[in-house]
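Chains as they are written, first to last, in the working numbering: chain V, 25 to 859; chain R, 4 to 385.
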């Protein structure tokens, strides 16, 4: 097959310059990979969530749910025997840690096989020979286990280890991390005698179902609710929407960096071949042929890069999914499925990004090359002068983008926040080349004194603005992202640690050791333990706590029922409401304190009234104050125990905070408590330092994903700066040969290259600082506030700018090494002749 | 009465099948004979000798035996002569000989299964339902004082002191029964003073007693309509640990109430080789309640045609001729409607029948219930 000369001429160039070809493809691949990885991880988490919900919900159309202790099993009996309700299935569910694999939680799903058939489909995956119903029902440690877990499984329950034996195999990926037992077994494992987690129901659709639902509601005791699981799942899924959005934003930042990199790589490869394109034009290749040719080549490069990026992205994504899952587990609910779901939609997005960004990046230079008269194309000077002429337009466009971004941010929505943020970054990126010209100009007096080499290096940057401008802008965006996200995480950490420091001011915290890791339910301190604590002379004051989950405005939130010692009260920082009156009102039990996220989301403030569902129907409380809280983005409400006991029949206390009397040896007190009370009930006694450490550890775990993404952005930036500068310097081989021929030494050329790349790296780093701080401010004050409802302090680690500058510089200098080394090895004659 | 001799194993298979196949998928057919082949009877008490019965205690459960049932059937009609047949059977089945660790109220080795059927003879319709439950947390169970056997809202309940008057209530969807049953004849001990041998092996027998004629009044609800009905019911009580031998493949069972006041129970066990089983037996109950045991060679039972279920393809006899020469009885038993197949986890035919024939020179009529297990494919109906 004969390939037309034109195509051969176009394609030969990259083949003869494998370094540049490789760097271009790598640039595209990195951009695609980061975006794809984040997207895949996000989608996998969402997918696992849906699977987890579906395998529990099954075909149930409704669900009976109860208070903090679930539902009494007698309700189920009444439902079936007295009301003759047949399509009902009891469920006892919770989580227990795997004894063999620390950190892995397994979901126990206790069901009644006799009621199960219409509800869940996992039974369909049991094959007859593997399944022993008799054992499942009668043996206290029998369970249906996923194939991967083997025939025996050890779980941790308090300090005990208990082994479950397989009575049947659950086949299929949907059952990973799920253990199905008889309901009796689940009650024992999860320590819920007499209780059910919920009752699943199937009601017919249409008026009959509505009538039945109405009848059921009329019959139900006040503390039970009839819910539709689809609704509940949606609410739970919403919980993580903010988190998911944040991740998506990170991936969009990565996308932005990726697009700049792709743009840089492609436009460079086109710009670099302007002489060739000019010759082709002079030889009679038409404008449109040239245009299509350049685009076609870019498309080929884009395809190669996208393919590589896809592979890289999937590999990266499988690592990220663990981090995402862990963050979700810490923050929201337990997800035990940790496999990467490769969604076609995510892949499509990655491919579209790779190809479109490539085409977009090639479009302008190709257009420009095709439109320029043949003679002018041959001249670099023509291009550079056009670039410089466009500077003013760039400045204007950049400023307009900044203005529009700033205005959009004011609109009160998260999406507006993100849109504004991206416009700001784009504006800053556009302002980068003009800013570089400015920097060069500022640099002139300095370089004037440093000699010819420095002057050359400095002026060269603006002379090659068509190449350096985009490269530095890409680097600037990458580094500013790193700065912005870094500042945000630091600010968050600072906020949380101050908050936790204030809040945890008691000496010791006592709670029953819980059997199951289950956020739905907290243990109950034995009344004798409580009494003993109150009678101890070493203990000066006690605060009691009882967190229960309630629903408010279709969101689950935590009601903290408490009696606070004055010192504990001081730990809550009120951001609205006058402290003394607020606490006074709070003591009456008819006023509550609400957390900042709740106040922000529902636009509540001091003096407003809030209606909460109680066991005796809805009741309204006055809001006496708003406290700073990073404990839950969904909000928390503080209610005095006296008020709680008026509307709930629940004398239980879940945990207490102890203030020791003066001169008490805390370590001694802790041992004494464990010895004296541990025999009554297994207790977890922790100091404030333990809990603080634990909280911050969770914080760090949650933000690992963010830090990893930040590192990825930096990595992409470093590789970007390296490849861009490397390509730039390699292109100038002939120019350097000329300088060599004119008498410059190898060292001098090396110095010139290093100075130049160093300057560009430094410029990118310097320009990234203001942009990064702007980004951080938007993230801290706008995005976080709107996504989670809390206000954060702005915390700038002084090392961060230095770190950024350092990284930019090192990457830039590294990029200068290879061209210098190559230059030194090449005889100038060869380099000159090569053209 | 053999009823449906479900063993624990059978129930396990039943539940397994049920558990496997949610929703309205067709249920796998289970060969009853093979399901009863490999029973583990160790640890259970056996019906291996005649015993003395004590009432009302024996109306209640006998958990040390593996299987037990309270089996009610009846023919009813409303004032306008619209006729119905009904069946409500509550089975107790032990999954193990000894109780499991009592670690949760839900843990129980006693399982309950219920079958409920209504035949609307005038409407030509038959409705059959089944339920399963464990005998725990009040979902299902059996007790003596006051007498009560229940599975969800299917219930047999006596008064504080006695089983009668017995109230039967069952509801499924828009079909419901609420009946009150009273004795008109004394209790009948079947077989050898209540020991009913089913196959050669010692212990392959049940303790078996019946109330063959119970006056019945109450209401039947069918869709939006309610019927005030009266008629006669039959209660069979049986408990056992094992019954059939390996050579037996199924059975046909008759519970007939003749209009001269006599009642006839006869079961015919089918052997795989087609020969008559010497364990076939029956009882003829006189008007005054006195009984006479019918031996296998006293009753000549002949099938009349065959009926193939259009739903399952299973074959059953379409009717029967029963001759008892010693009693000068020659009876033809005809189903009130052909399709009274119980298409539940386990398939069998159980339905209301009409009796016509001669007692000596007199024409005789009657009603009753008939239970048949399906014939194995390709075996002649005989």
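All C-beta atoms in this analysis are idealised placements derived from N, C-alpha and C, irrespective of residue type, glycine included.
Asked: Residues in the stretch 642 to 657 of chain V having any Cβ partner in chain R nearer than 7 Å; Found: none
Asked: CB contact below 8 Å: residue 180/R versus chain V; Found: no
Asked: Test item: CB-CB of residue 688/V and residue 562/V under 8 Å; Found: yes
Asked: For residue 683/V, the residue or residues it bridges with in DSSP; Found: 565/V
Asked: Contacting positions in the stretch 209 to 229 of chain V - beta carbon closer than 8 Å to chain R; Found: 209, 211, 212, 217 and 218
Asked: Partners in chain R for residue 110/V, counting only beta-carbon separations shorter than 8 Å; Found: 134, 155 and 175
Asked: Residue 629/V in three-state terms, based on DSSP; Found: coil
Asked: For residue 166/R: DSSP bridge partner residues; Found: Bridge partners of residue 166/R: none, in fact.
Asked: Cβ neighbour criterion (16 or more within 10 Å) applied to residue 239/V; Found: exposed
Asked: 8 Å Cβ cutoff, residue 634/V in contact with chain R; Found: no
Asked: Test item: CB-CB of residue 500/V and residue 788/V under 8 Å; Found: yes
Asked: Assumed close pair residue 586/V, residue 664/V - CB separation to whole angstroms, cut-off 8 Å; Found: 7 Å
Asked: Per-residue contacts from residue 98/R into chain V (C-beta, under 8 Å); Found: 158, 161 and 162
Asked: Residues of its chain near residue 731/V, where Cβ-Cβ distance is below 7 Å and the 5 sequence neighbours each way are ignored; Found: 513
Asked: Short CB-CB distance (under 8 Å) between residue 101/V and chain B; Found: Although the question refers to chain B, the structure presented lacks it and instead comprises the protein chains V and R.
Asked: Whole-Å CB distance - residue 115/V paired with residue 130/V, under 8 Å assumed; Found: Rounded, the Cβ-Cβ distance is 16 Å, inconsistent with contact.
Asked: Cα-Cα separation between residue 541/V and residue 110/R, rounded to whole angstroms; Found: Residue placement at residue 541/V cannot be trusted, given a pLDDT of 46 that sits under 50; the coordinates are not used to answer.
Asked: Cβ of residue 542/V within 8 Å of any chain R Cβ; Found: Since pLDDT at residue 542/V reaches only 46, below the 50 mark, its modelled position is unreliable, and the value read off the structure follows with that caveat. Output row for residue 542/V: interface = no.
Asked: Short CB-CB distance (under 8 Å) between residue 105/V and chain R; Found: yes
Asked: Sequence-distant residues of the same chain with beta carbon closer than 6 Å to residue 253/R, five excluded per side; Found: 273 and 376
Asked: Chain-ordered chain R contacts of residue 138/V [CB-CB under 7 Å]; Found: 18, 135, 136 and 137
Asked: CB contact flag (residue 515/V, residue 817/V, <8 Å); Found: yes
Asked: Whether residue 813/V touches residue 660/V by CB criterion (8 Å); Found: no
Asked: 4-residue-minimum alpha helix (DSSP H) runs that sit fully inside the stretch 155 to 184 of chain V, ordered along the chain; Found: 157 to 162
Asked: Test item: CB-CB of residue 511/V and residue 824/V under 8 Å; Found: yes
Asked: Under 7 Å from the C-beta of residue 141/R: neighbouring residues of chain V; Found: 101 and 105
Asked: Residue range of the unbroken alpha helix (DSSP H) whose run includes residue 474/V; Found: 438 to 474
Asked: Rounded straight-line distance, which links the Cα of residue 775/V to that of residue 476/V; Found: 11 Å
Asked: Per-residue contacts from residue 207/V into chain R (C-beta, under 8 Å); Found: 107 and 109
Asked: Within chain R, partners of residue 97/V - CB distance below 8 Å; Found: 108, 109 and 140
Asked: Chain V within 8 Å of residue 103/R, Cβ atoms only; Found: yes
Asked: Interface flag, residue 112/R vs chain V, CB-CB below 8 Å; Found: yes
Asked: Segments of 4+ residues assigned as alpha helix (DSSP H) that fall wholly inside the stretch 701 to 758 of chain V; Found: 712 to 755
Asked: Residue environment, residue 63/V, which counts as buried when at least 16 other CB atoms sit within 10 Å; Found: buried
Asked: Three-state secondary structure (DSSP) of residue 111/R; Found: coil
Asked: For residue 266/R and residue 110/V, the rounded distance between their alpha carbons; Found: 37 Å
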